[in-house]
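The structure appears below as structure tokens.
Protein chains: 2
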Amino acid sequence: MTTPPTETLLEAVSFAARAHRHQIRKDRETPYAAHPFRVCLVLQRVFGIDDPATLTAALLHDTIEDTPTDFDDVAERFGETVAGWVAALTKDMRLRDDLREPAYFAALAAADGPVHLVKLADLYDNLCDSSHLPSATRQRSLRRAREFVEFFRPHVKPEAAAAFALTEERLARAASEI
Amino acid sequence: MTTPPTETLLEAVSFAARAHRHQIRKDRETPYAAHPFRVCLVLQRVFGIDDPATLTAALLHDTIEDTPTDFDDVAERFGETVAGWVAALTKDMRLRDDLREPAYFAALAAADGPVHLVKLADLYDNLCDSSHLPSATRQRSLRRAREFVEFFRPHVKPEAAAAFALTEERLARAASEI
Numbered sequence: 211m212t213t214p215p216t217e218t219l220l221e222a223v224s225f226a227a228r229a230h231r232h233q234i235r236k237d238r239e240t241p242y243a244a245h246p247f248r249v250c251l252v253l254q255r256v257f258g259i260d261d262p263a264t265l266t267a268a269l270l271h272d273t274i275e276d277t278p279t280d281f282d283d284v285a286e287r288f289g290e291t292v293a294g295w296v297a298a299l300t301k302d303m304r305l306r307d308d309l310r311e312p313a314y315f316a317a318l319a320a321a322d323g324p325v326h327l328v329k330l331a332d333l334y335d336n337l338c339d340s341s342h343l344p345s346a347t348r349q350r351s352l353r354r355a356r357e358f359v360e361f362f363r364p365h366v367k368p369e370a371a372a373a374f375a376l377t378e379e380r381l382a383r384a385a386s387e388i
Numbered sequence: 211m212t213t214p215p216t217e218t219l220l221e222a223v224s225f226a227a228r229a230h231r232h233q234i235r236k237d238r239e240t241p242y243a244a245h246p247f248r249v250c251l252v253l254q255r256v257f258g259i260d261d262p263a264t265l266t267a268a269l270l271h272d273t274i275e276d277t278p279t280d281f282d283d284v285a286e287r288f289g290e291t292v293a294g295w296v297a298a299l300t301k302d303m304r305l306r307d308d309l310r311e312p313a314y315f316a317a318l319a320a321a322d323g324p325v326h327l328v329k330l331a332d333l334y335d336n337l338c339d340s341s342h343l344p345s346a347t348r349q350r351s352l353r354r355a356r357e358f359v360e361f362f363r364p365h366v367k368p369e370a371a372a373a374f375a376l377t378e379e380r381l382a383r384a385a386s387e388i
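Residue numbers (our numbering), protein chains in the order written: chain A, 211 to 388; chain B, 211 to 388.
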């Protein structure tokens, strides 16, 4: 019997929790795994996304970039499509920062719709989460969010257009709260 | 501005991750917080429950029993209703085990529908999760799940009847896989 999609999603929760188990968020007390769980909830409840593969990619979106997990680890358990989406959400850490960001943005712009949805949910959650951080950190994170939104605007895939609008609204709210 | 329900739910993810940060699951490697998040996903995706308060209680359901969190910590951040549901899902650790279980079962039977939904999702997730455990552990966990289902049957609140049927089906599948 093949595993039902929801049970694969449950396994992705545990996989992400194990991969990130030694990391914490910027508040220095919340386990990092809370973030991919929250991104999965933003996709479901704010953006209205129900596709299990997209939700799985959300749960795994930082595993290749931030943990010893590689493409094959993800592909073996969750398939090549999900692994490819996670890879597109992963910066090339071999590059110098000033080259890494443009390369990352260019790859994102060209990526599939589900990658755009996860990236926007990631940004959305960071906007919700930053309200607890010191003002200087919030200002910096808002500035980067705004730059990203402006860059991304002409590239957003149609299936992510509504999510883009919701993220822009959330950005405006975060800016008004500073 | 009051916090939108989804953002309260995101905060409950982080709250649960912090509360359980030093605990792991029975496989001895998965951070415990994966479990409440999975229970939240079971409620949404298997039982079709969308109520943010019920989902919040799912995220917090083990915090009072297993961590230093108390009723007031939950009530202060998430309200008295959610705190009351979490309390109903909490065993009285002051009692001897043979008195504790009947007291817990009796309180559950008398509890609100959302408590029944979370308890069934908890059981459902444990059934999914136990497939990785050694056979003796699985057998014991299946026996306890069966006892609980038989006890619970005459007490299930109408709003949890469909979830009860789905949990019974999942139990039968787990039994067939041993």
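Using N, Cα and C, we set each Cβ at its ideal position, and we do this for glycine too.
Beta-carbon contacts of residue i that lie in its chain and below 6 Å, excluding the five residues immediately before and after
i: residue 250 of chain A; result: 265, 268, 269
i: residue 361 of chain B; result: 315
i: residue 373 of chain A; result: 257, 327, 330
Close Cβ partners of residue i (< 7 Å) along its chain, the five nearest in sequence each way excluded
i: residue 256 of chain B; result: 334, 376
i: residue 370 of chain A; result: 323, 326, 327, 330
i: residue 378 of chain A; result: 359
i: residue 385 of chain A; result: 352
i: residue 321 of chain A; result: 298
i: residue 293 of chain B; result: 281, 284, 285
i: residue 214 of chain B; result: none
7 Å Cβ cutoff, residue i in contact with chain A
i: residue 324 of chain B; result: no
i: residue 357 of chain B; result: no
i: residue 223 of chain B; result: yes
i: residue 220 of chain B; result: yes
i: residue 257 of chain B; result: no
i: residue 331 of chain B; result: no
Chain B contact for residue i (CB, 7 Å cutoff)
i: residue 286 of chain A; result: no
i: residue 229 of chain A; result: no
i: residue 241 of chain A; result: yes
i: residue 247 of chain A; result: yes
i: residue 216 of chain A; result: yes
i: residue 244 of chain A; result: yes
Rounded C-alpha distance that separates residue i from residue j
i: residue 381 of chain A; j: residue 331 of chain A; result: 12 Å
i: residue 317 of chain A; j: residue 365 of chain A; result: 11 Å
i: residue 244 of chain A; j: residue 227 of chain B; result: 6 Å
i: residue 224 of chain A; j: residue 271 of chain A; result: 14 Å
i: residue 319 of chain A; j: residue 298 of chain A; result: 10 Å
i: residue 211 of chain A; j: residue 353 of chain A; result: The predicted model places residue 211 of chain A with a pLDDT of 45, which falls under 50 and marks its position as unreliable, so this point remains unresolved.
i: residue 341 of chain B; j: residue 387 of chain B; result: 8 Å
i: residue 286 of chain A; j: residue 274 of chain B; result: 37 Å
i: residue 351 of chain A; j: residue 283 of chain A; result: 31 Å
i: residue 262 of chain A; j: residue 288 of chain A; result: 11 Å
i: residue 348 of chain B; j: residue 337 of chain B; result: 9 Å
i: residue 291 of chain A; j: residue 383 of chain A; result: 34 Å
i: residue 218 of chain B; j: residue 231 of chain A; result: 24 Å
i: residue 280 of chain A; j: residue 368 of chain A; result: 30 Å
i: residue 296 of chain A; j: residue 313 of chain A; result: 16 Å
i: residue 344 of chain B; j: residue 222 of chain B; result: 32 Å
i: residue 233 of chain B; j: residue 307 of chain B; result: 22 Å
i: residue 356 of chain A; j: residue 252 of chain A; result: 19 Å
i: residue 276 of chain A; j: residue 305 of chain A; result: 15 Å
i: residue 278 of chain A; j: residue 229 of chain A; result: 8 Å
i: residue 238 of chain B; j: residue 239 of chain A; result: 22 Å
i: residue 160 of chain A; j: residue 363 of chain A; result: Lying before the first or after the last residue shown, residue 160 of chain A is absent from chain A, which here runs from 211 to 388.
Chain-order list of residues whose beta-carbon lies under 8 Å from that of residue i (same chain, five-residue window excluded)
i: residue 235 of chain A; result: 241, 242, 244, 245, 339
i: residue 310 of chain A; result: 301, 302, 303
i: residue 260 of chain A; result: 254
i: residue 248 of chain B; result: 335, 338, 339
i: residue 220 of chain A; result: none
i: residue 216 of chain A; result: 262
7 Å Cβ cutoff, residue i in contact with chain C
i: residue 317 of chain A; result: Reference to chain C is not applicable here, since the protein chains of this structure are A and B.
Discussion item. Ignoring anything shorter than 4 residues, give me the alpha helix (DSSP H) runs that lie fully in the region 228-275 of chain A, in order along the chain.
Written reply: 244-251, 262-270
Discussion item. Threshold first: 4 residues or longer. Then list the alpha helix (DSSP H) segments lying entirely within the region 277-364 of chain A, N to C.
Written reply: 281-288, 290-298, 307-319, 323-339, 345-362
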